[in-house]
Amino acid sequence: AWVHGDPRKVIYPTDSYGQFCGQKETPNENKTILFYFNILKCASPVVLINLQCPTTQLCVSKCPDRFATYIDVQASYRYRPDQWNYFRQFCKPGFNNPRKSVAQVLRDEDCPSMIIPSRPFLKRCFPDFSTKNGVLTVANQTTFKDGRGKTRNVTDLREAANGINNVLDARSVGMKIFEDYAISWYWILIGLFIAMMLSLLFLVLLRFTAGVLFWIFIFGVIGIIGYGIWHCYWEYDHLKGIPGSDLTVYDIGFQTDFKVYLQLRQTWLAFMIILCGVEVIIILMLIFLRNRIRIAIALLKEGSRAIGYIMSTLFYPIITFILIAICISYWAVTAVFLATSGEPVYKVMANLTLCKYANLTCDPETFNTTNVTKLCPGAQCTFAFYGGESLYHKYIFIFQLANAFVFLWLVNFAIALGQCTLAGAFASYYWAYRKPADIPLWPLFSSFGRAIRYHTGSLAFGALILAVVQLIRVILEYLDHKLKGTQNSFTRFLLCCLKCCFWCLEKFIKFINRNAYIMIAIYGKNFCTSAREAFFLLMRNVVRVAVLDKVTDFLLFLGKILVAGGVGVLAFFFFTRRIPVFAQEVPTLNYYWVPLLTVIIGSYLVAHGFFSVYAMCVDTLFLCFCEDLERNDGSTAKPYFMSASLHRILGKKKLSPKKA
């Protein structure tokens, strides 16, 4: 890619001769904008941007700022040479023959038949459209001469104007958003700092409030379902004796107005039975799983305590972010080089629609010696796009897939490195007999060193397996997009099934990899051995895994909502000047929702970064806890390494006295 690619094809527009506009040390160095001879031939802005517009394209230093036609300029060039000098800068380079007949000039496209006021956008000249009293105008005019003897209405450009105006309006909105960021970035950073402090505070408070939050939520759900049962019974009893309420759903059949079903006693009876079943299931689960729920809550509290001793782990996601940013940059640069590695392709552009050579490839160096110009007068060999027919160009799509695969592999490796590093740090906390005295010095740095020195191969192998599955999912999505218009129901059904299966497989592999990396960090064994031992260890504690996973997910989700919502509410009151103390400090904004949404989304991401560390901590402590139960029995020879609170919940024999 880096040998054949040329990113200038993306940075600079290309004229009809395959030359870049604005490229340094070329004749077009000061001509940075692309000008279209006949904008009417361009169907839409998308066609313009893709350089597929069937008209001559030239690099110019500035866009036209006035209406003019070649006929008028040629007629007046003797006594108004300034008009000719202005107009000819939009003609082909070197053309300076106003005596040439208009028909020949337009046939050979030496000059445009007309120029209209334009402004540059995306380094291309687009008509300067505007609306005046609801009427589409160009430079406050509603008509213009097309240079071929006709007066045309500006509405003839409407097809191109609609899309262009939308893009220009978007650019205007974009500029306002940029201005809002420029004057409010300081307050946005303060909001994100508050989110960081709230996330830290929430993690610290989980040590004391995890159980309270969980039980409040559970009893709240039980209470809400209980109210639902009472309301269903009240509706059921209230409809007693009302004509038609004793009919069954089968009697009235399918109705588009679902309110009809709410007039039946049978509907409310069914709702009541369903809610009663859910209520009974929840209560039975709480009765039979109460001990496992207590263990899960104790592990959450222990995780908060572990992070308190190893605070540096909270900032490790910054390292992962940097590594992933490097991976994304490498992938993006390589993809751009691959996408721009084509050679210039020239095609015959003919004014005559019946020309049989139109749109065929040609060679600009030998084009004038062929019969095409004789059979199709005015035909030209102009640049069309970048491509090629060589073996390399045929397999560019395969190279893009290979680049995507390397990207997925590297990103998964960066994530695996972070998981293994954090697991090693938290495992050193759990297996310290006397906490925190026996916790090694710099546990995070030591764990990172071990992961890099000893476990790189294991992490790369796990990342490889996941990358293969993800690449298959990418290919399936690509096929689904390509076959979206097909009428073959079996093909769509098969693709849907495959996408579902590989989605499940990816989730399963992520789960296995995560726990395998924990076992690698603890024992230092290879990936396959660690994955097998982690899987069977979890299967022997499958109920505990399910309970812990759901309790952790709920509390962390609650934390993210509290942090993002709390900071969002505070930011809303601040940016809408509803806090009198800071009313004078609030900057004047075009859209107050710009910094507001930034603060809310940023706060959620900040909280997610901190809580992902916490989730890894809880998972590591849980595997260590299960391993501790299987390896040790609490005797002097085999003492438990778990905390006293976990030991009390288990009801095991008393902890062995701590060693001096």
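Per UniProt numbering, residue 1 is the first one in the sequence shown, and the count goes up by one each step. Backbone N, C-alpha and C fix where the C-beta goes; we use that ideal spot for every residue, glycine too.
- For Ser118, the enclosing beta strand (DSSP E) has its first and last residue at 118-121.
- Within the DSSP secondary-structure output, Ala607 pairs in no beta bridge.
- A straight-line Cα-Cα distance of about 27 Å links Gly191 and Ile326.
- DSSP, read as helix, strand or coil, puts Asn515 in helix.
- When Cβ pairs closer than 8 Å are counted between the two stretches, the stretch 440-447 is seen to touch the stretch 416-432, the count reaching three or more.
- Here Lys507 is exposed, its C-beta having fewer than 16 other C-beta atoms within 10 Å.
- Val348 is bridged by DSSP to Cys381.
- Its Cα nearest to that of Leu646, the residue Cys624 stands out among Lys638, Cys624, Thr636.
- Contact between Lys560 and His608 holds, since their C-beta atoms are separated by about 6 Å, short of 8 Å.
- Between Val348 and Leu360, the gap from beta carbon to beta carbon is short of 7 Å.
- DSSP assignment within the stretch 550-588 yields no whole alpha helix (DSSP H) run of 4 residues or more.
- Under the three-state reduction of DSSP output, Pro127 falls in the strand class.
- DSSP, read as helix, strand or coil, puts Met114 in strand.
- Listed in chain order, the non-local C-beta contacts of Asn28 below 8 Å within the same chain comprise Asp15, Gln19, Phe20, Cys21, Gly22, Cys59, local neighbours out to five positions each way being set aside.
- Assigned with DSSP and collapsed to three states, Leu34 falls in strand.
- Per DSSP, Gln57 is one residue of the beta strand (DSSP E) stretching across 57-60.
- Between the stretch 452-459 and the stretch 415-422, the count of C-beta pairs closer than 8 Å reaches three or more; the two stretches touch.
- Per the DSSP secondary-structure output, Gln141 pairs in a beta bridge with Val138.
- If you ignore the 5 residues before and after Tyr392, its C-beta comes within less than 8 Å of the C-beta of His4, Ser341, all in its own chain and listed in chain order.
- Within the DSSP secondary-structure output, Phe20 pairs in a beta bridge with Thr14.
- Taking 7 Å as the cut-off, the Cβ atoms of Ala516 and Phe502 do not count as close.
- Separation of the CB atoms of Val333 and Tyr357 is rounded to 39 Å, and the pair is thereby denied contact status at 8 Å.
- Put simply, the backbone Cα of Ile452 is about 19 Å away from that of Thr529.
- Counting only runs of 4 or more residues that sit fully inside the stretch 386-441, the alpha helix (DSSP H) segments are 391-394, 396-430, in chain order.
- Lys123 is positioned such that its CB atom lies closer than 7 Å to that of Pro13.
- For Thr69, the secondary structure class from DSSP, reduced to helix, strand or coil, is strand.
- Contact between the stretch 213-232 and the stretch 271-281 is established, with three or more Cβ pairs separated by less than 8 Å.
- One thing to note: Ser113 has its Cβ within 7 Å of the Cβ of Arg148.
- Using a Cβ distance threshold of 7 Å, Tyr592 and Phe575 count as a contacting pair.
- The beta carbons of Val469 and Ile509 sit closer together than 7 Å.
- One alpha carbon belongs to Gly244, the other to Leu264, and they sit about 7 Å apart.
- In this structure Leu548 is in contact with Phe622, their Cβ atoms being roughly 6 Å apart against a cut-off of 8 Å.
- Inter-residue distance for Trp331 and Phe407 is about 6 Å (C-alpha atoms, whole angstroms).
- Distance between Asn96 and Leu34, taken at the CA atoms: about 20 Å.
- Annotation for Thr373: the continuous alpha helix (DSSP H) segment containing it runs 372-375.
- Rounded to whole angstroms, Gly303 and Ile282 show a C-alpha spacing of 26 Å.
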